[in-house]
Amino acid sequence: MLKTFPKTHITIAAAATVLVTAAILMSPSSDVEAKRMSYSLDLDGNTSKQSRAPESARPAEAPTATSEGNAIAGSETEGPDTGPAEKRKPALDWQEHKVESGATLSSLFRDAGFNDGIMLKVINGEGDADKLQRLYAGETIAFATDNDGKLAAINLRRSLLETLQISRSEEGFQGETVIREPEVRPAFATGIIDGSLYIAAREAGMSDRLSMELAGIFGWDIDFVYDVRKGDQFEVIYEELYLDGKKFDTGKILSARFVNRGEENVALLYTDSNGDSDYYAPDGASMRKAFLRTPINARVSSPFNKQRRHPVLDVVRPHEGTDYAAPPGTPIKAAGNGRVRFAGWKGGYGRTVILSHGDNITTLYAHMSRLGKGIKNGTRVKQGETIGHVGSSGMVTGPHLHYEFHVNGVARNSRTIDLPDASPIVASEMARFRQVADQQISQFKVYREGTQQLALARED
Numbered sequence: 005m006l007k008t009f010p011k012t013h014i015t016i017a018a019a020a021t022v023l024v025t026a027a028i029l030m031s032p033s034s035d036v037e038a039k040r041m042s043y044s045l046d047l048d049g050n051t052s053k054q055s056r057a058p059e060s061a062r063p064a065e066a067p068t069a070t071s072e073g074n075a076i077a078g079s080e081t082e083g084p085d086t087g088p089a090e091k092r093k094p095a096l097d098w099q100e101h102k103v104e105s106g107a108t109l110s111s112l113f114r115d116a117g118f119n120d121g122i123m124l125k126v127i128n129g130e131g132d133a134d135k136l137q138r139l140y141a142g143e144t145i146a147f148a149t150d151n152d153g154k155l156a157a158i159n160l161r162r163s164l165l166e167t168l169q170i171s172r173s174e175e176g177f178q179g180e181t182v183i184r185e186p187e188v189r190p191a192f193a194t195g196i197i198d199g200s201l202y203i204a205a206r207e208a209g210m211s212d213r214l215s216m217e218l219a220g221i222f223g224w225d226i227d228f229v230y231d232v233r234k235g236d237q238f239e240v241i242y243e244e245l246y247l248d249g250k251k252f253d254t255g256k257i258l259s260a261r262f263v264n265r266g267e268e269n270v271a272l273l274y275t276d277s278n279g280d281s282d283y284y285a286p287d288g289a290s291m292r293k294a295f296l297r298t299p300i301n302a303r304v305s306s307p308f309n310k311q312r313r314h315p316v317l318d319v320v321r322p323h324e325g326t327d328y329a330a331p332p333g334t335p336i337k338a339a340g341n342g343r344v345r346f347a348g349w350k351g352g353y354g355r356t357v358i359l360s361h362g363d364n365i366t367t368l369y370a371h372m373s374r375l376g377k378g379i380k381n382g383t384r385v386k387q388g389e390t391i392g393h394v395g396s397s398g399m400v401t402g403p404h405l406h407y408e409f410h411v412n413g414v415a416r417n418s419r420t421i422d423l424p425d426a427s428p429i430v431a432s433e434m435a436r437f438r439q440v441a442d443q444q445i446s447q448f449k450v451y452r453e454g455t456q457q458l459a460l461a462r463e464d
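Heads up: the sequence shown runs through residues 5 to 464, numbered per the working numbering.
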């Protein structure tokens, strides 16, 4: 058959075949072209859905979706067989500032590059946004800007557990207070007093705050300035607080045992059915008294004495109170719940507060440098509330608190008088309390044995 066609025809046919084949090879299928186009558009951020071409169909020079530039810009990505891609949130640029003493919200915004107009928009936002106005030295505030340089978010970290988070939305700024719950683990400390409670407690691994709390729990029955003796011992079960597996603080005392001069005192923390917590003895009696034994943590400089010679007048004049020497400004606490009968200047007593407590009991606090905030005639106060500060007003030789305790108008020695107890566990709570108390008391034995075994293991 080939012999019947001229050579020129054969040459033309061959050339045509080569051209058609080349055209087919150089022209991709519509499916491949569509995939390439979709991929290119996605790199520019113009598509909401990405379809990638197979490796064999991608141009060698095309960048991948995981390139560094795309990841930072927050481009859309899609994992294998995951369906529609979700948009990544745009990256925010954070700058952090420490709230120093004297700093204002306006100055912090200016330091971050924002004017008062932006600040007003933030504090007038929704939710807890207005709480940003309450700043305290030591806190940390962080400002976040978006890719356009606009304020996108603010975080005010008040503590490890509390953060005020403010974010911008289409409606404006929205604030939310976020509280983290720490992990609570019980811990045990025990010690024998050689010098003071605070030294022994510190050697046992307790913080000064826990030592003060321990003294406060037993403070109605034990004077930790005068009653503590060498050889007294204590056992304390308390809370340790953890965040992300790391200890950052201690919580409250759960139960405590203090042996003073051979006499055992046990205090158990109990929360009743109403959610109220307090410390009680194993028999349900309150560890608190209706009155504090001493209204200030200080040494006695002059005791109650009916035959005392006055240090200024040099005459025998009854000293119907107890003097506590302390630095000027030391807080003075109300000995019990009551109402302010008198607050002001009272002759040789200087600045004085007199409280009426009911049952014909009154207490007097004299020689103050200043009164407590809000303390005036008729004000109601709670036990432990600060009613004034130590000073040297009136007829005195130095700064101290003069404290008097009167029953039916007669001065009594506040350090020796039997103080009335606070309310005990009510009858309806007693069965539940006993169950909790038995568990708490048994814990002392468990921890004590564990500590002894650990000590023996260390000796071996």
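All C-beta atoms in this analysis are idealised placements derived from N, C-alpha and C, irrespective of residue type, glycine included.
Check, Outcome
"If I follow the unbroken alpha helix (DSSP H) through M123, where does it start and stop?", "D120 to I127"
"Just to confirm, is the Cβ distance from P299 to I241 under 8 Å?", "no"
"For G472, does the count of other Cβ atoms within 10 angstroms reach 16, so buried, or fall short, so exposed?", "Outside the displayed span of the chain (5 to 464) sits residue 472, for which this structure offers no information."
"Could you pull the DSSP bridge partners for Q456 from this structure?", "None; Q456 has no bridge partner."
"Between P331, G333 and N364, which lies nearest to R345 when the distance is taken from Cα to Cα?", "N364"
"Taking 8 Å as the threshold, find out whether the stretch 101-114 comes into contact with the stretch 124-139 through three or more Cβ pairs.", "yes"
"Do you know how far the Cα of G117 is from the Cα of I145?", "14 Å"
"For P190, which residues in the same chain have their Cβ closer than 7 Å to its Cβ, ignoring the five residues on either side in sequence?", "I241, E243 and L258"
"Mind reading off the beta-carbon distance from R161 to E143? Whole number of angstroms is fine, and I expect it under 8 Å.", "6 Å"
"By how many angstroms is the C-alpha of F222 removed from the C-alpha of K102?", "40 Å"
"So, with DSSP's three-state summary, where would you put D425?", "strand"
"In the DSSP output, what is H323 paired with across the bridge?", "N309"
"Assuming V188 contacts L245 (C-beta within less than 8 Å), just tell me the rounded distance between them.", "6 Å"
"Quick one: which unbroken beta strand (DSSP E) runs of 3-plus residues sit fully inside the stretch 184-245? Chain order, please.", "187-196"
"Should L296 and A260 be called a contact, given that it needs their Cβ atoms to be closer than 8 Å?", "no"
"From what residue to what residue does the beta strand (DSSP E) around D253 run?", "K250 to N264"
"Three Cβ pairs or more, each shorter than 8 Å: is that satisfied between the stretch 192-203 and the stretch 228-240?", "yes"
"Looking only at DSSP bridge pairs, what is L112 linked to?", "Note: L112 sits in no beta bridge, so no partner."
"Would S418 and R355 qualify as a contact pair, given that the criterion is a beta-carbon distance under 8 Å?", "no"
"Give me the residue from F192, E433 and A302 with the minimum Cα distance to G279.", "E433"
"Could you name the residues of the same chain whose beta carbon sits closer than 6 Å to that of G83, not counting the 5 residues immediately before and after it, in chain order?", "Legend: pLDDT at G83 = 39, less than 50; position of this residue unreliable, value from coordinates given subsequently. For G83, where only same-chain residues beyond five positions count, there are no Cβ hits under 6 Å."
"Quick one: using the 10 Å Cβ neighbour count with 16 as the cut-off for buried, is G348 buried or exposed?", "exposed"
"Assuming the contact rule is C-beta atoms closer than 8 Å, V400 and I379 should be a hit. Round their C-beta distance to whole Å, please.", "20 Å between Cβ atoms; not a contact."
"In chain order, what residues of the same chain have a beta carbon less than 6 Å from the beta carbon of N269, not counting five sequence neighbours either side?", "F222 and F262"
"Counting only the same chain and skipping the five closest in sequence on each side, list residues whose C-beta sits under 8 Å from that of P481.", "Examination of residue 481 is not possible in this model, given that the chain is present from 5 through 464 alone."
"Roughly how many angstroms lie between the CA atoms of A431 and F437, to the nearest whole one?", "10 Å"
"If the criterion is Cβ atoms closer than 8 Å, does the pair E180 and Q169 meet it?", "yes"
"Taking the alpha-carbon positions, what's the T390 to N412 distance?", "25 Å"
"Taking only the alpha-carbon atoms, compute the straight-line gap between K350 and L368 and give it to the nearest angstrom.", "11 Å"
"Can you tell me whether F177 is buried or exposed? The criterion is at least 16 other CB atoms within 10 Å of its CB, across all chains shown.", "buried"
"On a Cα-Cα basis, can you pick out the residue from Q447, Q457 and P428 that is closest to S281?", "P428"
"Can you tell me whether Q387 is helix, strand or coil according to DSSP?", "coil"
"N159 bridges to which residues according to DSSP?", "A146 and Q169"
"Within the continuous beta strand (DSSP E) that includes F295, where are the two ends?", "No beta strand (DSSP E) holds F295; DSSP gives it neither H nor E."
"Quick check on the burial criterion: 16 or more other C-beta atoms within 10 angstroms. Buried or exposed for N264?", "buried"
"Going by DSSP, what residues sit across from D282 in a beta bridge?", "Y274"
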